[in-house]
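Counting in the numbering used here, the sequence shown runs from 301 upward without gaps.
Even for Gly, the Cβ is constructed at its ideal location relative to N, Cα and C.
Here is the structure we will look at, set down as structure tokens.
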Amino acid sequence: MKPQKVYKMVHTLGKTYGPKERFYHFFYGYLLPSIDQMTKIATEEPSCHFLMESCGPLMDEKAREIIPLSNLSWEIIEDQQSFQLNSATVVEVKRWDVLLREMQFFQGYGFFLGILKKINLATKSFFVDSDEHRYKERYQLLRQKKSLLRSLKSTRNIILSWIDRGVNMKHLDIYDNKFLLLKRSPPPESYQQDGGWSVRKYGSSRRGLMGLENAAKLMNDNGIPCAIFEAGAFSLPEQIAVFHACRGVIGIYGAEFANLIWMKPKRQAIVVNPREASSPSIVLAPELDIFYKEIPLPPESYPELTGKLLESVIEIITRK
């Protein structure tokens, strides 16, 4: 009998914009690109087995909620050294979170893209604080955009096909076709400074949108159907089902918007952003035909969804 072939998913691109223990970076940097590669390989070799590195207990739990729905043969190696030393065949997996951030970086340089092929990229004076290697590298990343988006959309459709909105998800019907006011979850106890994690803040301990109850009442009273949704309180398959069936989402800049990929075309995503940098979703949303709008705010970790801010949200929804 032919022995089962084992593959090890090794994530490439040395730079990183965030640790794998945070949901967004786990989701786009590890889970989705791994599923993309595993499903492609398993199509040709149905009996193969896959090894994934640990992204910490909380994210490993999320992986274990979704991948078994695929009938893929896989396991997570929690010890990093054991994973690195394992002799399985290496599959290089490009981190999509890094690629999306690189594409976002260049979004403001659209004027230059048409002439990058013609100029000498070593002309450092043309770009402030640039160097030849950096811009050659980033230009190459841009050339991968079509391939990345094709893989993202394919993986999205594959995972959606795994989700069964049957009797086990009947409790999620209350969110269907409504605007979701996204409530951030508190960090688990293990995300404390002495908990052995590489991240010290998570979820609502980083930032949060306050006054959701009053905002929801006012919006519903004005004929805008909405519901408060705490994504972190639900399993990953449940989150996927809710985002896929909603009318739109409203929340503060955070990992919850990683789920934007599941939304249907023509839906709305409104991000209250107290940070200087935009979310990488600003790159992805147009490719998914999702109306995306950021409302910039002065730096504040816990703004309240009331007054002029709520008026702006309602105006965006009704104007669209």
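Counterpart residues of residue i in DSSP-defined beta bridges
| i | result |
| --- | --- |
| M558 | Checking the displayed sequence, the identity of residue 558 turns out to be Ala instead of Met. DSSP lists no partner for A558. |
| N573 | P596 |
| G551 | V571 |
| I292 | Residue 292 falls outside the range modelled here, since the chain spans only 301 to 620, and no answer is possible. |
| T312 | K394 |
| A475 | Checking the displayed sequence, the identity of residue 475 turns out to be Tyr instead of Ala. Looking at the DSSP assignment, Y475 forms no beta bridge with any residue, so it has no partner. |
| Y307 | F350, T389 |
| M510 | E604 |
| F591 | Q568 |
Per-residue burial, residue i [other beta carbons within 10 Å of its own, 16 or more giving buried]
| i | result |
| --- | --- |
| L385 | exposed |
| R443 | exposed |
| P346 | exposed |
| Q337 | buried |
| K564 | exposed |
| L295 | What is shown of the chain runs 301 to 620, which leaves residue 295 out entirely. |
| G466 | exposed |
| G607 | exposed |
| I550 | buried |
| T618 | exposed |
| T455 | buried |
| H471 | exposed |
| Q381 | exposed |
Where residue i falls: helix, strand or coil (DSSP)
| i | result |
| --- | --- |
| L480 | strand |
| G607 | helix |
| G318 | coil |
| Y324 | helix |
| Y602 | coil |
| M338 | helix |
| F534 | coil |
| M563 | coil |
| E615 | helix |
| G495 | In this predicted model, G495 has a pLDDT of only 48, less than 50, meaning its place in the structure is not dependable enough to derive any value. |
Residue nearest to residue i in terms of C-alpha spacing, selected from the options
| i | options | result |
| --- | --- | --- |
| A288 | L536, A533, A516, P537 | Here the chain comprises residues numbered 301 to 620, so residue 288 is not present and cannot be evaluated. |
| M352 | L372, L509, L605, W462 | L372 |
| I582 | P357, R401, D360 | R401 |
| I595 | Q381, E375, L560, Y553 | Y553 |
| L358 | P586, V467, Y324, T339 | Y324 |
| I524 | F383, L480, P603 | L480 |
| I335 | V393, Q380, T312 | V393 |
| L482 | E530, I458, S535, V467 | E530 |
| E587 | D473, K566, I550, I367 | K566 |
| A533 | T312, E361, E344 | E361 |
| F327 | L610, P580, E615, K593 | P580 |
| R506 | Y602, D521, N559 | Y602 |
| I366 | L332, H349, F350, S354 | L332 |
| K453 | M403, W396, D473 | W396 |
| P599 | I377, A569, P486, G508 | G508 |
| V572 | E513, S451, N457, L605 | L605 |
Check: Which parts of the stretch 343–393 are runs of the beta strand (DSSP E), unbroken and 3 residues or longer, counting only runs that do not cross its ends?
Finding: Segments of the beta strand (DSSP E) lying fully in the stretch 343–393: 349–353, 374–377.
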